[in-house]
Each structure stands twice: as C-alpha cells, then as structure tokens.
Amino acid sequence: MPTLAPPEVQLDGVFIAPEVPFAPYSIIDHRGTSALLTPIHREHVAADRPDLLYIHLNAKYAEERTTQRYHDVDKFFVGDLLIVTELGRIPETTSDNFVRKHEEATKEEKHRFWTIRKYSLVKRTVSHNVRAYMTKAKPRKPQRILYATDFTIPIKVPARFYNPPNDLPLETFYSATVFTPQVHPGYLLRTIGKGAPKYHVVRITAPVPVKNIHQPVLLKIDTLDGDRADLLEVSTNPFGTLDVTNSRAIKALLLSGQLALSAALATN
Numbered sequence: 001m002p003t004l005a006p007p008e009v010q011l012d013g014v015f016i017a018p019e020v021p022f023a024p025y026s027i028i029d030h031r032g033t034s035a036l037l038t039p040i041h042r043e044h045v046a047a048d049r050p051d052l053l054y055i056h057l058n059a060k061y062a063e064e065r066t067t068q069r070y071h072d073v074d075k076f077f078v079g080d081l082l083i084v085t086e087l088g089r090i091p092e093t094t095s096d097n098f099v100r101k102h103e104e105a106t107k108e109e110k111h112r113f114w115t116i117r118k119y120s121l122v123k124r125t126v127s128h129n130v131r132a133y134m135t136k137a138k139p140r141k142p143q144r145i146l147y148a149t150d151f152t153i154p155i156k157v158p159a160r161f162y163n164p165p166n167d168l169p170l171e172t173f174y175s176a177t178v179f180t181p182q183v184h185p186g187y188l189l190r191t192i193g194k195g196a197p198k199y200h201v202v203r204i205t206a207p208v209p210v211k212n213i214h215q216p217v218l219l220k221i222d223t224l225d226g227d228r229a230d231l232l233e234v235s236t237n238p239f240g241t242l243d244v245t246n247s248r249a250i251k252a253l254l255l256s257g258q259l260a261l262s263a264a265l266a267t268n
C-alpha cells in the first residue's frame with residue numbers, strides 16, 4: 001500500500017512535460033478521499049471513448065510524478081489542472097462498470113472504472129494580499145463568499161473558514177490569499193473540424209461547462225494591514241474623528257468604489 005505524504009508537505013505543483021502521452025484533466029468535485037475529474041479537451045470523449053469523460057483521483061493509487069509521492073486528496077482544490085499520464089482500473093470493478101454508450105457518458109454515477117495512476121500537477125495561480133469583503137452567500141445559509149477588488153466573480157470560501165471554531169466575523173474586510181483555476185473544462189475544443197464530429201462532441205459534453213463553473217477559492221485569510229484598515233475606516237465613516245489628508249481621503253474613496261464595483265459585477 002503506498003504511503004501518503006505527511007500533512008505538512010505542500011503540493012504546489014510544477015509542470016514537467018512527460019515523455020509519454022498525456023491528457024490535461026481538471027478537478028471538478030471532491031468525494032471524501034477521492035476527487036472527480038473531466039478532460040479539458042472535450043475531443044477525448046469523441047467517437048469511441050465516452051468512458052473518459054469522468055475519471056477519479058484516489059490517494060491510494062495516484063503517484064505525482066514530480067514528487068513521486070501519493071498525496072492526500074485534501075491537498076487538491078476544485079479547478080486544479082492535472083497532466084494525466086497513466087490510468088488504471090479501480091479495484092473490484094467489472095466490465096459492467098465500463099461506460100460504452102454516449103447516452104451514459106454524462107451520468108457521473110456510471111463512471112466507476114478509471115482511476116489516475118500517474119500525473120503531474122500544473123503550477124497553480126495564486127494571488128496574495130487580496131483586499132476582500134466577507135458576507136453570506138445566501139440569507140439563512142452558513143455558506144460564505146468574498147467580494148474582492150481583483151475578481152469580477154465571488155470567491156468561494158471553504159467550510160473550514162466558517163465552521164466552529166474558525167467562524168470568521170461577517171461583513172468584515174480581510175486580506176486574502178486566493179487560488180484561481182487554470183482553465184475551464186470544455187473550453188479548448190480546437191482540433192475537431194466543423195461538421196458532424198464536432199457537433200457530436202459538443203452535444204455529448206455540453207453539460208460539462210454549464211455544471212462546473214469554477215470559482216476562485218480562498219486559501220488563506222488574515223486581517224488587513226494597518227494602512228488598508230485605516231483607508232476602509234475612512235471610506236465607511238467619512239465624518240469620523242480621524243485626521244485625514246485629501247490624498248488619503250481620495251484613496252479611501254477609490255478603494256470603497258472598487259469593492260462596490262466588484263460586488264456589483266459578481267452579483268450580476
């Protein structure tokens with residue numbers, strides 16, 4: 001049985017071009033100790049390969065080529081891009097678990113055959129010191145979201161940031177570290193010519209882009225530094241007792257406007 005990398009080992013990801021055939025896959029869902037992936041290039045499922053629309057990542061079987069370790073699935077994020085170089089059959093599966101019909105290709109529950117054996121993780125896009133405002137995603141629901149000046153869509157807040165004992169205050173500004181998904185499944189339909197083959201692939205994989213719109217994800221959160229905290233206090237309390245110069249007042253108004261514009265764009 002492979003040994004998992006210890007929790008303190010980070011999996012940042014550096015893409016090393018493999019010497020064997022590969023396919024780029026993106027994580028679309030976490031399933032406890034495993035994750036579900038779908039191909040970036042939808043043509044992988046064209047013609048006779050509907051079985052490749054969804055594959056699994058399980059820590060027990062998947063070796064990361066750059067570290068030669070078996071990393072815990074908790075180290076991965078929805079939106080991570082993996083260069084898959086080897087697939088294997090999930091233990092105790094039978095030929096009945098193999099998806100042969102395109103009509104079954106988009107049913108995730110049918111895909112219980114392929115699991116990743118070897119892969120490389122493409123280096124992540126991470127933004128640091130992002131000014132963000134935390135609020136509830138929906139009224140009377142525990143889920144949180146962040147609005148930030150650098151993003152036009154809401155930032156997803158994982159449950160560990162709002163479940164006890166790490167329940168962060170709402171309606172508060174923070175300094176955030178944010179992960180941005182590299183690419184979106186189904187965007188790169190480039191190599192199939194016009195006509196019946198291309199139409200067939202688009203039709204079979206149409207639900208993928210609609211169902212799996214990847215949001216930026218919060219990785220780390222902290223209080224704002226003193227300077228930015230002062231600017232926000234000025235912008236939200238312009239008639240307060242702070243001694244404010246014209247330049248700081250203008251900076252505060254610009255920051256407030258950026259956050260308001262970000263929130264407006266994200267909710268549309």
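Using the UniProt record's numbering, you'd call the opening residue of the sequence shown number 1 and step up by one each time. Even for Gly, the Cβ is constructed at its ideal location relative to N, Cα and C.
**OP:** Identify, in the order they occur along the chain, each residue of the same chain with its Cβ nearer than 7 Å to the Cβ of E108, setting aside the five sequence neighbours on each side.
**Re:** The beta carbon of E108 lies closer than 7 Å to those of L36 and Y54 in the same chain, with the five residues before and after it left out.
Subject >> Euclidean distance between Cα positions of P91 and A105 >> reply: Cα to Cα, the separation comes out at about 21 Å.
Original post:
For E109, does the three-state DSSP call read helix, strand or coil?
Top reply: In the displayed model, E109 falls within a helix according to three-state DSSP.
Original post:
Around the Cβ of A159, are there at least 16 other Cβ atoms within 10 angstroms (buried) or fewer (exposed)?
Top reply: Under this definition A159 is an exposed residue.
Original post:
DSSP puts residue 299 in a beta bridge; with which residues?
Top reply: In the structure as shown, the chain starts at 1 and stops at 268, and residue 299 therefore has no counterpart that could be examined.
Subject >> Touching by the beta-carbon criterion (3+ pairs, under 8 Å), the segment 129-148 and the segment 159-175 >> reply: Under the 8 Å Cβ criterion, the segment 129-148 counts as touching the segment 159-175, having at least three qualifying pairs.
**OP:** Express the C-alpha separation of F161 and K110 in angstroms, rounding to a whole number.
**Re:** Approximately 33 Å between the Cα atoms of the pair.
Original post:
Among V183, P21 and Y61, which has the Cα closest to the Cα of K123?
Top reply: K123 has its Cα closest to that of V183, out of V183, P21 and Y61.
Original post:
Quick one: what's got a C-beta closer than 6 Å to R31's C-beta in the same chain, skipping five residues either side?
Top reply: Its chain contains no residue whose beta carbon lies nearer than 6 Å to that of R31 once the 5 sequence neighbours on both sides are disregarded.
**OP:** Give the range of the beta strand (DSSP E) segment to which K220 is assigned.
**Re:** Counting along the chain, the beta strand (DSSP E) containing K220 begins and ends at V217 to D222.
Original post:
What are the uninterrupted segments assigned as alpha helix (DSSP H) that are 4 or more residues long and contained completely in the segment 121-153, given in chain order?
Top reply: Qualifying alpha helix (DSSP H) stretches: none in this window.
Original post:
What residue range is occupied by the uninterrupted beta strand (DSSP E) comprising N58?
Top reply: Counting along the chain, the beta strand (DSSP E) containing N58 begins and ends at I55 to N58.
Original post:
What are the partner residues of F179, as DSSP defines its beta bridges?
Top reply: Beta-bridge pairing links F179 to V126 and V217.
Subject >> 8 Å Cβ cutoff met for A59 and R117 >> reply: No, these two residues do not count as a Cβ contact at 8 Å.
**OP:** Run the CB neighbour count on L52, radius 10 Å, all protein chains shown included, and call it buried at 16 or more, exposed below.
**Re:** Around the C-beta of L52, 16 or more other C-beta atoms lie within 10 Å, and the residue is accordingly described as buried.
Original post:
Taking the C-alpha atoms as reference points, what is the distance between K136 and R144?
Top reply: When the Cα atoms are used, K136 and R144 turn out to be separated by approximately 4 Å.
Original post:
For the candidate residues P50, T85, H56 and D48, whose alpha-carbon lies nearest to that of T66?
Top reply: Out of P50, T85, H56 and D48, T85 has the C-alpha closest to the C-alpha of T66.
**OP:** Note down, in chain order, each residue of its chain lying with its Cβ closer than 6 Å to the Cβ of T177, except the 5 sequence neighbours on either side.
**Re:** For T177, where only same-chain residues beyond five positions count, the Cβ hits under 6 Å are H128, L219 and K220.
**OP:** Mark T38 as exposed unless 16 or more other C-beta atoms lie within 10 angstroms of its C-beta, in which case mark it buried.
**Re:** T38 should be labelled buried.
Subject >> DSSP bridge partner residues for F173 (one or two, in chain order) >> reply: In the DSSP output, where bridge partners are listed per residue, F173 has Y133.
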